[in-house]
Amino acid sequence: MEQAVNISQGATKWDIRQKVWDYIEAKNLANFPRPVHHRIPNFKGAYGACNKIVTLDVFNKTSEVKVDPDKPLEGARLAALQARKTLLVPTPRLRTGLFNKIVPPQNATKEDLRVCSTSQGVKKFSVPIGLDARVQVDLVVVGSVAVSEKGYRIGKGEGYADMEYAMMASMGAVNESTVVVTIVHDCQVVDIPEGLTESHDLTVDYIITPTRIIKTECQLPKPQGIIWSKLDAEMLEKIPILKKLQDLEQKAGKDVTLKVSSAESDKPMAEPKPEAKPNPKRDPKSRPRREPKQEPKHKHIENTAERPEGGTVEQEHPHGSSSTLYLGGIPAGLRVSELKSVLRERNAVPLRLTWQGAQHRAFLEYSDGPGADLALTTLQDLSINGHTLKAERAKSQRGGHKPNQTLQRPQNKEAKGAAHPPTATATVVSITAPCKEGS
1 MEQAVNISQG ATKWDIRQKV WDYIEAKNLA NFPRPVHHRI PNFKGAYGAC NKIVTLDVFN
61 KTSEVKVDPD KPLEGARLAA LQARKTLLVP TPRLRTGLFN KIVPPQNATK EDLRVCSTSQ
121 GVKKFSVPIG LDARVQVDLV VVGSVAVSEK GYRIGKGEGY ADMEYAMMAS MGAVNESTVV
181 VTIVHDCQVV DIPEGLTESH DLTVDYIITP TRIIKTECQL PKPQGIIWSK LDAEMLEKIP
241 ILKKLQDLEQ KAGKDVTLKV SSAESDKPMA EPKPEAKPNP KRDPKSRPRR EPKQEPKHKH
301 IENTAERPEG GTVEQEHPHG SSSTLYLGGI PAGLRVSELK SVLRERNAVP LRLTWQGAQH
361 RAFLEYSDGP GADLALTTLQ DLSINGHTLK AERAKSQRGG HKPNQTLQRP QNKEAKGAAH
421 PPTATATVVS ITAPCKEGS
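Take the sequence shown: its position 206, counted from the start at 1, is 206 in the UniProt record's numbering, and no numbers get skipped.
In structure tokens form, the structure reads like this:
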């Protein structure tokens, strides 16, 4: 069958996601929620595709089914409940545990089961399942952004489906005989190079679309457990159950060493709050002397300062030999982790990333000039969510200024938008090692 979305040679995971999302939007192939970017697409025809799961032998033989909470998989959850299967649904973002068991009301009607299959029903009719629970899942149903007929899968980039499966493997809930199914639109079946699939990535055994059921015969092994060296301490803080699993595996004598911690956020950065200042009216002694105006400094600010129009702009680089790139035109709502994923796929990971999402820009600091030049070349014509980003040397670098040198801001309004100094509300993200990318 001819594929609707053609993937060019050398495409990255991010390129593939972008092409699929753009195609679904352009062809109006999805229902609410829209747009589909950064989501598992709720494609039109999802309910009909989900109904096909009952034709699989593994579905009829299994008693416990785990189905992701994505909207397009609502029909699969309903099918499991109607077949009186034990339905397990992952806790959103694994905040409060691994997954919940759906418990329909006694003598549930068809409408009751339909409600239980929705996101609201999952919240209302469920009980948590702990890591020590004895669960044997024979069938796992996941959502995807893209999948290949060979079984290689790409999620929306946050890695939760991969992590959920790895955690289930650690607790003995899945094994080599567990079957993984994904349900997608036909256009989401694309060619994915095997080289993009890493050891932590979940592969699939069956693909169900509105028109086909594909058995992939994938030979790549599925995750056998958490790869601790790909996680950092911050991830454990976000997902407490990971910390519990780490403690259990450490007691069992396993190596649970984490990678070097990096300050990373999955959400757009909030503006840091300035420190409280004394009230000079209440305490005359606390009134400051008249000194040249200085820009407030914040705990999370590095390499950043900005003055009002007509003042000066100062860029401070902690490493004198470093070179910095300006990245402008960042689309609204883009997450730091998503930008870092793009940079990793283009081999343009900086030593330090100064994020200014509110101003639709970021600054990428590299160790030296040649490194910055190479990154600048790879970032040309970079497009995210249909927005073409502008990559260039930061003003202080292009103008030949040295680090810590004060630059004069142009007075006229036309020149105001030309400079790219970081503001005092930036948040610095240190990048020390690639993070896992997946679901």
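For each residue, glycine too, the CB sits at the ideal point set by N, CA and C.
Buried or exposed (CB count within 10 angstroms, at least 16 for buried), residue i
i	result
Asn412	Because Asn412 carries a pLDDT of 45, less than 50, the predicted location of this residue cannot be relied on, and no value is offered for it.
Lys299	Summary for Lys299: the model assigns pLDDT 34, below 50, so the residue's position carries little reliability; its value from the coordinates is reported in the next sentence. Flag for Lys299 reads exposed.
Pro223	buried
Ser356	Note on residue identity: the sequence assigns Gln, not Ser, to residue 356. Buried, by the Cβ-count rule.
Gln188	buried
Asp205	buried
Lys27	exposed
Gln18	buried
Arg212	exposed
Asp255	exposed
Glu194	exposed
Gln9	exposed
Gln106	exposed
Gln380	exposed
Gly157	buried
Ala166	buried
Thr109	exposed
Glu176	exposed
Leu334	buried
Glu164	buried
Pro332	The question names Pro, but residue 332 is Ala in the sequence shown. Per the 10 Å Cβ criterion, exposed.
Glu111	exposed
Glu74	buried
Gly178	It should be noted that the sequence gives Thr, not Gly, for residue 178. Buried, by the Cβ-count rule.
Gly159	buried
Arg134	exposed
Proximity below 8 Å, CB of residue i to CB of residue j
i	j	result
Leu351	Glu392	no
Arg346	Thr378	yes
Ile16	Val190	yes
Ser170	Gly130	no
Ser199	Ile227	yes
Val180	Val140	yes
residue 527	Ser63	Given that the chain is displayed from residue 1 to residue 439, the structure contains no residue 527 and the question cannot be resolved.
Ala83	Val54	yes
Leu327	Lys340	no
Glu149	Thr216	yes
Gly329	Lys390	yes
Ser337	Ala372	no
Gln136	Ala173	yes
Ile241	Leu94	yes
Trp14	Val342	yes
Val58	Asp132	no
Lys44	Ala30	yes
Glu25	Pro33	no
Ile192	Ile154	yes
Beta-carbon separation (whole angstroms), residue i vs residue j, contact threshold 8 Å
i	j	result
Pro128	Gly151	Their Cβ separation, rounded to whole angstroms, is 31 Å, which puts Pro128 and Gly151 out of contact at 8 Å.
Asn100	Val89	6 Å
Ala46	Pro69	At roughly 14 Å, the Cβ-Cβ gap does not stay under 8 Å, so Ala46 and Pro69 are not in contact.
Ala80	Val65	5 Å
Lys230	Lys251	Rounded, the Cβ-Cβ distance is 21 Å, inconsistent with contact.
Ser117	Leu78	4 Å
Ala161	Leu113	Incorrect: roughly 24 Å between the Cβ atoms, too far for contact.
Asp186	Ala4	7 Å
Ala375	Leu364	7 Å
Sheet register partners of residue i (DSSP bridge)
i	result
Ile208	Ile183 and Ile213
Ser170	Looking at the DSSP assignment, Ser170 forms no beta bridge with any residue, so it has no partner.
Pro90	Phe99
Glu249	DSSP lists no partner for Glu249.
Thr324	Glu365
Pro33	Answer by DSSP bridge pairing: none, since Pro33 is not bridged.
Leu139	Val65 and Val179
Glu392	Tyr326
Arg153	Val147
His387	Ile384
Ser126	Ile102
Phe43	Ala30
Val189	Val147
Cβ-heavy atom distance, residue i to the ligand ATP, below 7 Å
i	result
Phe99	By its list of ligands, the structure shown contains no ligand whatsoever, and the ligand ATP lies outside what it can speak to.
At a cut of 8 Å, does the segment 35-47 reach the segment 139-148 through at least three beta carbon pairs?
-> Result yes; three or more Cβ-Cβ pairs closer than 8 Å.
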